[in-house]
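1016 is the number of the first residue of the sequence shown in our numbering; add one for each residue after it. The next block holds one structure in the form of structure tokens; read it before the comments.
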Amino acid sequence: MLKRLYDEYDFAIERILLKEYRKLSLTMQELTVLIALFSIYKKRKTFSTLAISRRVEYHSNEIGEIVESLLEKGFLTISLELKDQKEREIFDLGPTFDKIEKLYIEEEKDKQKQMIENEVSEVILKFEQGLGRPLKSYELENIRKWFEDDHFSYDQIVKSIDQAEEKISVKYVERLLTQQPIKQIEIDQDVDEALDEIFKSIK
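Shown next as structure tokens:
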């Protein structure tokens, strides 16, 4: 997607590189050469150390080492192309676009994960306030399961908790979520504690 935007709409990839180069594990020298390569990339795909040297303040041997490092880190590829019976080196910066996209996808996943963790914590707090006690291990696991396995939304869960009112319990709310028939069953305290111990032993 990023490469298409760059190719078709002259997307400013350099601004992203300047902002994210540390997260991409690039040094300032590597960033400078990579931006120079993008400047060349817009005009031609032929690799040339001389063309790079006109855009950066490094010696040819330094440029060679930096390019080698960029190759090893997977930011570009260089291949040979035969044209007019002459071989020339062609470079491709496609891998850089892939790395940036992967970075943003991972960051988005982390944000989603953190959001779920926050919502789980809020639901746990709501239960504990309603019950007047800390939740047991298997109750905590059930709540996490609603989010991660059953994919109930935070709003759905909170709505079911509010609907339970004075009957609030993890089991009762779970039945509301799954819309199963609800029977008034009081769990014996000893059975409740036994279930908690069983869960701890198999966790």
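Even glycine gets a Cβ: it sits at the ideal position worked out from N, Cα and C.
Practice problem: Report yes or no: do three or more beta-carbon pairs, one from the stretch 1073-1088 and one from the stretch 1031-1046, lie closer than 8 Å? | Solution: yes
Quiz item: Where does Lys1098 fall in DSSP's three states?
Solution: strand
Quiz prompt | Stretch-stretch touch, CB-based, cutoff 8 Å, three pairs: the stretch 1098-1117 with the stretch 1049-1060 | solution = yes
Quiz item: Quick one, which of Glu1180, Ile1172 and Asn1133 has its alpha-carbon nearest Gln1194's?
Solution: Ile1172
Quiz item: Near Ser1075, which residues of its chain fall below 7 Å by C-beta distance, leaving aside the five closest residues on each side in sequence?
Solution: Thr1064 and Ser1068
Quiz item: Among residues of its own chain, excluding the 5 on either side of Gly1089, which ones have a beta-carbon nearer than 8 Å to its beta-carbon?
Solution: Pro1110 and Lys1114
Practice problem: Reducing DSSP to helix, strand and coil, say where Thr1111 ends up. | Solution: helix
Self-check item: CA nearest to the CA of Glu1132, picked from Ser1184, Phe1162, Arg1148 and Ala1179
Solution: Phe1162
Exercise. Inspect the beta-carbon positions of Thr1047 and Val1071 and report whether they are closer than 8 Å.
Key: yes
Quiz prompt | the stretch 1114-1131 touching the stretch 1146-1153, judged by at least three CB pairs closer than 8 Å | solution = no
Quiz item: Roughly how far, in whole angstroms, is the beta-carbon of Asn1157 from the beta-carbon of Glu1134, given that I think they are within contact range, below 8 Å?
Solution: In fact, because the Cβ distance is near 15 Å, the residues do not count as touching under 8 Å.
Practice problem: Have a look at Glu1137 and Glu1122 and give me their C-alpha separation to the nearest angstrom. | Solution: 23 Å
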